Amino acid sequence: MTYQISFRNEGEMPDLPVSSGTTLYNTTGTWRYVRPVYRNKTSPCNVACPAGEDIAQYLGLVAKGKYQEARLRILEENPFPGVCGRVCPHPCESECNRAELGGSISIHMVERFLADLAGGAPVQRLPSNAPAGATVAIVGSGPAGLSCAYQLARRGYPVTVFEAWDDLGGTMRLGIPAYRLPRHVLDAEIAAIARLGVEMCTGRRLGDNLSTADLRAFSAVFLAVGQQKSRALEVAGEDAQGVVAGLDFLRRVNLGMPVEVGARVAVVGGGNTAMDAARAALRLGAQTVTVLYRRSRYEMPAIAEEVQEAQDEGICFEFLTTPVRVLTEDGAIRGLQCVRMQLGAPDGTGRRRPEPLAGSEYTLNVDVLIPALGQEADLAFLEHWAGGGLAQTLSMANGLLETDAAAQSSQTGIFVGGDSATGFGTVAHAVGSGKRAALAIDRYLHGEDLNGFPALDQHVHAAPRDLDPAVVRFADLNLAYFEELPRPEPKQRPAIERKRDFAEVTDGLDEQQVQQEAHRCFSCGTCNGCDTCWLYCPDVSISRVDHSDYQVNYDYCKGCGICAQECPRRAIVMEEELKWKK
Amino acid sequence: MSYDVSESELLASGHVACPGCGAPMAVRYALKALGENTVLIVVASCWSIIAGPFPYTAAQVPLLHTLFATGGSVASGVKAGLEARGLQDTTVLTLAGDGGTFDIGIQALSAAVERNEDFIYMCYDNEAYMNTGIQRSSATPWGAWTTTTPVKHPKDQPKKDMVAIMAAHRIPYTATATIAYPEDLIRKVQKAKSIRGSKFLHVLAPCPSGWKSEPSQSVLLSRLAVESCIFPLYEVEHGEEYRITVWPKARVPVQKYLRLQGRFAHLRDEDIGRIQENVDDEWQKLVTRSDRAKAPGNVDQAF
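Quick note, the sequences are listed as chains H and X, same order. Quick note on this note's numbering: the first sequence kicks off at 46 and runs consecutively. Quick note on this note's numbering: the second sequence kicks off at 12 and runs consecutively.
Written as structure tokens, this is what we have:
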């Protein structure tokens with residue numbers, strides 16, 4: 046269409062100089078030397094999520110009330126939103142830019158809300174692309190193993206999961222108590238994976254009733270055996286009756302086996318296992334539960350909220366102390382000799398090294414002692430590995446199975462992941478690790494090369510969105526558009542009541558609070574259709590498409606850059622025109 | 012949609028304002044507020060060019076180009092003509108720059124509003140004669156560089172208080188607005204439209220060419236002008252009821268606003284301190300004069 050008007054002679058001109066055309070004839074886009082381009086950038090939460098969830102995007106969907114879409118968006122990456130919404134230490138929230146203006150977004154609570162929605166659509170299968178005859182064995186039904194099984198089964202692979210114990214879920218079931226993770230939540234998410242056609246074989250322990258020869262029958266193997274071996278206390282008398290390792294204690298509690306706690310329980314350690322063991326012991330009827338930690342509260346690796354909750358429930362904490370001897374009587378524990386510590390110079394982890402204070406020994410009366418000093422992979426099965434028809438054993442590094450960025454072990458076709466290979470120690474990391482293995486196995490079985498996976502400390506996406514890798518930080522945002530708004534805190538059952546049973550401690554947020562969070566989200570780097578660019582364009586050359594997408598009319602855009610400058614979330618970049626003329 | 016702004020567009024692309032110019036933005040918002048039943052009177056100003064050359068026009072409503080000094084008188088005549096034809100509901104909006112308002116057009120404007128003619132007079136103020144080459148006007152602020160107030164002799168007079176002059180005419184409605192706050196601007200234009208009699212809107216419109224600022228920072232500068240209280244957003248009814256309509260979220264030092272503009276680059280710290288003192292005084296006077304009880308929004312802030 047042409048907007049040009051031409052008068053061929055005087056007679057065609059109006060008697061009065063009245064304009065009859067619009068300035069659209071004048072393509073002012075020719076003035077431009079830079080052009081605005083919509084380019085979504087990466088949000089800090091997305092970078093931080095070990096499971097590779099697209100948090101910025103699903104919070105945007107929640108803000109629009111599209112809960113099921115948001116839930117499915119999470120499920121693209123992580124089959125355990127209900128679990129992660131509850132037990133994840135949410136590194137996403139530590140990175141959240143909102144922290145500087147009212148408190149980080151309660152991302153885990155939004156995730157939990159979406160997971161708990163009634164009537165959720167079933168997990169979506171992807172078009173099958175599995176090569177004919179390809180089969181995959183997965184050893185371990187923890188979050189890594191099931192995440193891998195989930196991603197492969199969605200792509201049409203026949204997957205068999207072997208689990209040493211009689212129940213599925215690995216650490217999610219054996220390690221985490223029900224007051225943090227109700228079993229119906231876990232069961233439902235595992236059942237959804239099983240419904241994809243994953244064969245679950247329980248009671249099959251590698252090196253015991255599952256041989257390497259059995260695994261050779263599969264086209265690819267993923268080992269995700271986790272970490273089940275508790276680190277020893279290494280003091281005299283620790284094999285006395287009444288001393289039970291943290292993981293063993295939690296496993297017995299979580300499987301409903303009988304557990305004797307006695308009146309006085311001491312837990313040694315400052316991590317999440319220690320917190321779980323202490324709070325579980327309290328719920329089983331212990332009168333006093335004391336946590337002994339050799340550094341100060343500041344250095345505790347446990348999630349801060351867990352420590353606070355434990356304290357609220359009446360668990361005593363003794364910091365800067367460590368046991369030096371278990372006092373026994375007739376082979377059973379009767380007490381604990383401890384020594385006070387002081388913090389010295391920082392060690393390799395950056396934390397100050399605790400050193401014993403000479404002459405500060407004291408005695409504690411204890412009926413049950415639970416050491417929870419950390420855990421390591423139980424890789425005894427490797428001894429039988431080479432004999433089972435596989436040429437050599439798998440290599441190790443730092444007590445973990447060696448792996449490259451594509452989750453491959455030292456042997457072709459055998460992939461490793463989860464805590465036994467990465468040692469990150471969270472469900473979310475394991476989910477990411479299992480997903481990485483699934484994507485690698487998919488490529489491997491298609492005979493494609495396995496280069497190009499992000500490094501192990503970065504996340505992988507099953508359904509990546511087209512994002513600029515540049516991360517939008519707080520200083521990049523246009524703060525004129527945001528007010529300080531407080532973070533809603535969830536309700537918790539009163540400590541006096543909750544410490545008597547294993548029912549869930551923390552309530553979810555209600556819909557109104559979830560909406561508040563989704564609207565409080567800055568949507569860093571991701572256009573959420575706020576209209577700011579449209580509103581401020583001096584040249585009326587930005588138009589809306591479908592209420593959420595924008596189009597720049599480059600015929601008229603003069604390249605002033607106001608849209609990019611004003612965009613509250615930096616989703617527009619200005620690019621040199623030369624680049625586009627090539 | 013997160014802004015309460017009409018979707019109608021009565022300003023066409025292809026207008027010839029410089030990149031980042033505030034003037035077309037002000038008119039775009041005003042036309043969103045007024046709708047199609049509007050006549051624009053454009054006196055000699057940047058907008059005489061922006062609207063496009065014959066036989067084209069950027070405004071999708073009737074627009075009458077007229078002489079520099081005639082904003083008030085032509086609007087009076089056009090309004091009388093419309094009424095004679097029975098078109099009582101048509102809004103007449105005069106569009107003039109600061110030169111055509113503060114200097115050259117003040118006589119006709121004063122006369123028209125003294126008669127309380129029924130029209131809206133919108134002055135888009137870019138603080139100098141920008142279209143003719145950045146000559147100082149009586150709207151140019153103290154200390155600013157222009158081609159007629161060079162760096163060796165920057166402007167030594169304060170900006171004329173046009174709102175006070177209009178308020179002194181006791182007209183029904185006078186207000187300030189700026190492009191960084193389109194919702195506020197649109198609300199004021201709509202309010203002006205609903206009132207019979209003379210209405211005066213003073214709109215600060217950044218000019219990247221004349222202010223020696225980045226085109227991309229026009230909205231930012233407009234916002235900083237408000238946040239620093241250099242250009243407070245308020246309205247005056249009947250010359251007496253003052254009301255601040257947008258309270259700064261956090262008061263920003265004037266330096267932040269001034270240092271983004273090349274026309275103030277020569278100012279020394281003590282000059283900026285002097286400006287800050289003056290702004291503080293004026294703001295305090297305005298706060299004292301304004302009716303907090305009727306202010307919309309954040310009235311409880313500690314100002």
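C-beta: ideal position from N, C-alpha, C; glycine also. All values derive from a computational prediction rather than experimental measurement.
8 Å Cβ cutoff, residue i in contact with chain X
i	result
Ala-108/H	no
Thr-72/H	yes
Cys-575/H	yes
Gln-584/H	For the record, residue 584/H in the displayed sequence is Asp; it is not Gln. Closer than 8 Å: yes.
Trp-76/H	yes
Gly-66/H	yes
Ala-101/H	no
Tyr-195/H	no
Lys-536/H	no
Lys-603/H	yes
Gly-606/H	yes
Gln-610/H	yes
Pro-62/H	yes
Asn-54/H	no
Beta-carbon proximity list for residue i, same chain, < 6 Å, skipping 5 on both sides
i	result
Pro-11/X	This structure cannot settle anything about residue 11/X, because the visible part of chain X is limited to 12 through 314.
Met-36/X	Ile-190
Residue of the options minimising C-alpha distance to residue i
i	options	result
Glu-350/H	Gly-242/H, Ala-239/H, Arg-261/H and Glu-534/H	Glu-534/H
Val-28/H	Phe-294/H, Arg-84/H and Arg-518/H	A question about residue 28/H goes unanswered here, because the residues of chain H that appear run from 46 up to 627.
Phe-362/H	Asp-375/H, Ala-520/H, Leu-418/H and Thr-333/H	Thr-333/H
Val-27/X	Gln-287/X, Gly-63/X, Glu-20/X and Val-50/X	Gly-63/X
Phe-130/X	Phe-113/X, Ile-145/X, Ala-23/X and Leu-106/X	Leu-106/X
Ser-341/H	Thr-373/H, Arg-296/H and Gly-389/H	Gly-389/H
Tyr-202/H	Asp-584/H, Tyr-581/H and Arg-488/H	Arg-488/H
Leu-278/H	Arg-339/H, Gly-248/H and Leu-329/H	Arg-339/H
Leu-235/X	Lys-267/X, Arg-207/X and Thr-143/X	Lys-267/X
Ser-301/X	Gln-146/X, Ala-179/X, Leu-244/X and Tyr-253/X	Tyr-253/X
Asp-253/H	Gly-165/H, Pro-95/H, Leu-427/H and Val-413/H	Leu-427/H
His-249/X	Ala-203/X, Gly-46/X, Asp-291/X and Ala-139/X	Ala-203/X
Arg-207/X	Pro-183/X, Trp-222/X, Lys-223/X and Leu-215/X	Pro-183/X
Ala-160/H	Ala-182/H, Asp-546/H, Ile-119/H and Arg-538/H	Ile-119/H
Gln-596/H	Asp-546/H, Ser-586/H, Leu-106/H and Pro-391/H	Ser-586/H
Ala-115/H	Thr-394/H, Val-559/H and Ala-452/H	Val-559/H
Cys-582/H	Thr-72/H, Gly-497/H and Cys-605/H	Cys-605/H
Thr-577/H	Gly-154/X, Gln-71/X, Ala-80/X and Tyr-192/X	Tyr-192/X
Val-243/H	His-229/H, Asp-555/H and Ala-198/H	Ala-198/H
Ser-168/X	Val-247/X, Ser-56/X and Asn-289/X	Note on residue identity: the sequence assigns Gln, not Ser, to residue 168/X. Here the closest residue by C-alpha is Asn-289/X.
CB contact flag (residue i, residue j, <8 Å)
i	j	result
Gln-382/H	Arg-397/H	no
Cys-29/X	Pro-219/X	yes
Gly-479/H	Ser-192/H	yes
Ser-149/X	Ala-119/X	no
Gly-127/H	Glu-234/H	yes
Val-472/H	Phe-125/H	yes
C-beta neighbour in chain H for residue i, strict 8 Å
i	result
Glu-125/X	no
Arg-39/X	yes
Gln-312/X	Here the model assigns Gln-312/X a pLDDT of 45, short of 50, so the residue's position is not dependable and the matter cannot be decided.
Ala-188/X	no
Tyr-329/X	Nothing about residue 329/X can be reported from this structure: the residues present for chain X run from 12 to 314 only.
Arg-274/X	no
Ser-24/X	yes
Gly-63/X	yes
Supposed close pair residue i, residue j - CB separation, criterion 8 Å
i	j	result
Met-619/H	Arg-80/H	7 Å
Ser-209/X	Ala-123/X	7 Å
Arg-131/H	Arg-276/H	Going by Cβ atoms, the distance from Arg-131/H to Arg-276/H rounds to 26 Å, so no, they are not a contact pair.
Ala-466/H	Pro-188/H	That pair is no contact at about 13 Å.
Tyr-135/X	Thr-187/X	About 12 Å; that fails the 8 Å criterion.
Own chain residues within Cβ distance below 7 Å of residue i, not counting five before or after
i	result
Leu-74/X	Leu-51, Val-53, Ala-62 and Thr-68
Ile-59/X	At residue 59/X the sequence reads Ser, which differs from the Ile that was named. Taken in chain order, the residues that qualify are Val-53 and His-76.
Val-89/X	Val-50, Ile-52, Leu-75 and Val-103
Leu-260/H	Ala-182 and Val-266
Chain-order list of residues whose beta-carbon lies under 8 Å from that of residue i (same chain, five-residue window excluded)
i	result
Gly-148/H	Pro-531 and Arg-532
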